[in-house]
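Worksheet: the structure to be examined is printed underneath.
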Amino acid sequence: MNAVITGANRGIGRAMVEAFAEKGYGIWACARKKNDEFEADMSGLAEKFSVEVEPVYFDMSDEAQIKDGAKHILSAKRSIDVLINNAGVAHGGSFVSVSQDKLREIFQMNVFSQVLLTQLLVRAMIRQKSGCVINMCSAGGLDPQPGCLSYGASKATMIYITKVEAREFAPFNIRVNALAPGLIDTEMGHYKNDVEIQKTLNRMCIKHMGSVKDVADAALYIAGAEFMTGHILTLDGGHVIGG
Ligand SMILES: NC(=O)c1ccc[n+]([C@@H]2O[C@H](COP(=O)([O-])OP(=O)(O)OC[C@H]3O[C@@H](n4cnc5c(N)ncnc54)[C@H](OP(=O)(O)O)[C@@H]3O)[C@@H](O)[C@H]2O)c1
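Using my numbering, the first residue of the sequence shown is number 90, and each one after it goes up by one.
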């Protein structure tokens, strides 16, 4: 079994590489830029779990680079069993302050690049008549909050796209689901200031941030959940919508 994981160099993506490698998956670990520290980290995981972990480099904001990255992955002619569209960027700002350029930039990264990579790689899944796509959405895409126009709308769009993909790909035995985490303890989880973080914690039943392992374990669950498709799995410490 093989998995493609984007944003593999840090945060949730790095934890997913480790979790899937531990379960015996061969991995294409996708990161933006070539980096010696990342290469050493990935070879360490490959050795530890006796699997292949191959770094693949492309900038998700660059269509040509995404196409080259996908071409490289497809040229290996190995099965692509799981695709995790994990790489993403956060952005906040009041509705009136968000420029068209910024909106385009966030949608380019969080929506268009995810769609393009899936379009390119799902061809292999269609040929092999099996596969599982996991889109990293967000609790923010389900619970609109002031100041979250670009990020929240991009993740809400990915929730819709997940459901469309699930319906279109089901005849090929390809399942598509989304993870919608709440506050997770990564660089992005600390994007908001402490006051905003506390407000979010106040809306949650479990009053602390989730860990990257919590999210990686949920992705592993989805990868093995053969009867689950078109589902948005929230993982948000019991975030009370509108609370
Ligand atoms: N942490 C949270 O609280 C939270 C909550 C809900 C959803 N999520 C979602 O979970 C996913 C992972 O988040 P995280 O917390 O792990 O974030 P993170 O720690 O900020 O990591 C983001 C990852 O995305 C990669 N990335 C960003 N722009 C890229 C580009 N143009 N090309 C290639 N890679 C790019 C980063 O690579 P570089 O190192 O090169 O920047 C990094 O590997 C995201 O989709 C995020 O929206 C996170």
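Beta carbons: idealized from backbone N, C-alpha and C, even for Gly. Please read these numbers as outputs of a predicted model, since none were measured by experiment.
**Request:** Kindly examine ligand 1 and report whether one of its heavy atoms sits closer than 7 angstroms to the Cβ of L290.
**Result:** L290 has its Cβ no nearer than 7 angstroms to any heavy atom of ligand 1.
**Message:** C237 and I321 - do their beta-carbons sit closer together than 8 angstroms?
**Reply:** No, they are not a contact pair.
**Item:** Runs of alpha helix (DSSP H) lying entirely within the stretch 236-282, each at least 4 residues, in chain order
**Value:** Counting whole runs of 4 or more residues, the stretch 236-282 contains the alpha helix (DSSP H) stretches 238-258.
**Request:** Please state if the CB of D170 and the CB of N91 are separated by a distance shorter than 8 angstroms.
**Result:** The Cβ-Cβ distance between N91 and D170 falls below 8 angstroms.
**Prompt:** D190: beta carbon under 7 angstroms from a heavy atom of ligand 1?
**Reply:** Every heavy atom of ligand 1 is 7 angstroms or more from the Cβ of D190, so no.
**Message:** Could you compute how far the alpha carbon of A165 sits from the alpha carbon of G177?
**Reply:** The alpha-carbon atoms of A165 and G177 are separated by roughly 26 angstroms.
**Prompt:** Would you say V142 and M149 are within 8 angstroms of each other, going by their C-beta atoms?
**Reply:** With contacts defined by Cβ atoms closer than 8 angstroms, V142 and M149 do not form a contacting pair.
**Asked** Going straight from the alpha carbon of L290 to that of G326, what length do you get?
**Response** Their backbone Cα atoms lie some 9 angstroms apart in a straight line.
**Prompt:** In its own chain, which residues sit with a C-beta less than 6 angstroms from the C-beta of R121, not counting the 5 before and 5 after it?
**Reply:** D148, listed in sequence order.
**Message:** Rounded to the nearest angstrom, what separates S188 and A242 at their Cα positions?
**Reply:** Between the C-alpha atoms of S188 and A242 there is a straight-line separation of about 14 angstroms.
**Asked** Closest by CA to G313, which one among P260, S239, I223, M247?
**Response** Nearest option by C-alpha distance: I223.
**Request:** State whether the stretch 256-265 contacts the stretch 300-309, with contact taken as three or more CB pairs (one from each stretch) at a distance under 8 angstroms.
**Result:** Flag = no, the stretch 256-265 and the stretch 300-309 do not touch.
**Prompt:** Just reading off the alpha helix (DSSP H) that I173 is part of, what are its end residues?
**Reply:** For I173, no alpha helix (DSSP H) encloses it; the enclosing beta strand (DSSP E) starts and ends at 171-174.
**Asked** For V140 versus A159, is the C-beta spacing smaller than 8 angstroms?
**Response** Note that the C-beta distance between V140 and A159 is not below 8 angstroms.
**Asked** For ligand 1, is there a heavy atom less than 7 angstroms away from the beta-carbon of M198?
**Response** The answer is yes for M198.
**Asked** Taking the C-alpha atoms as reference points, what is the distance between E152 and L272?
**Response** Cα to Cα, E152 sits roughly 30 angstroms from L272.
**Request:** Less than 8 angstroms between the CB atoms is what I'm expecting for I101 and N175, so what's the real figure, rounded?
**Result:** Yes, I101 and N175 are in contact; Cβ-Cβ is about 6 angstroms, under 8 angstroms.
**Prompt:** For Y310, which three-state DSSP category applies?
**Reply:** Helix at Y310.
**Message:** Measuring only the C-alpha atoms, how far is I162 from H297?
**Reply:** Taking the straight line joining both Cα atoms gives about 38 angstroms.
**Asked** By Cβ distance below 6 angstroms, which residues in the same chain neighbour N184 in space, the five residues on each side in sequence not counted?
**Response** Here residue 184 turns out to be Phe, not Asn, going by the sequence shown. Taken in chain order, the residues that qualify are L238.
**Three-way DSSP call (helix, strand, coil) for M131 in this model** = Reduced to three states, the DSSP call for M131 is helix.
**Request:** Say yes only if the C-beta of A120 is nearer than 7 angstroms to one or more non-hydrogen atoms of ligand 1, and no if none qualify.
**Result:** Answer for A120: yes, Cβ within range of ligand 1.
**Request:** Can you give me the Cβ contacts of Q217 inside the same chain, cut-off strictly under 8 angstroms, excluding the 5 residues immediately before and after it?
**Result:** Excluding sequence neighbours, Q217 sits near S168, I169.
**Asked** Among I116, A179, L324, which one has its Cα closest to the Cα of G278?
**Response** Of the listed residues, the one whose Cα sits closest to G278 is A179.
**Request:** Examine ligand 1 and report whether any of its heavy atoms sits within less than 7 angstroms of the Cβ of A176.
**Result:** Under cutoff, so the answer is yes.
**Request:** Express the C-alpha separation of T95 and Q234 in angstroms, rounding to a whole number.
**Result:** Our two residues, Q234 and T95, have alpha carbons roughly 27 angstroms apart in a direct line.
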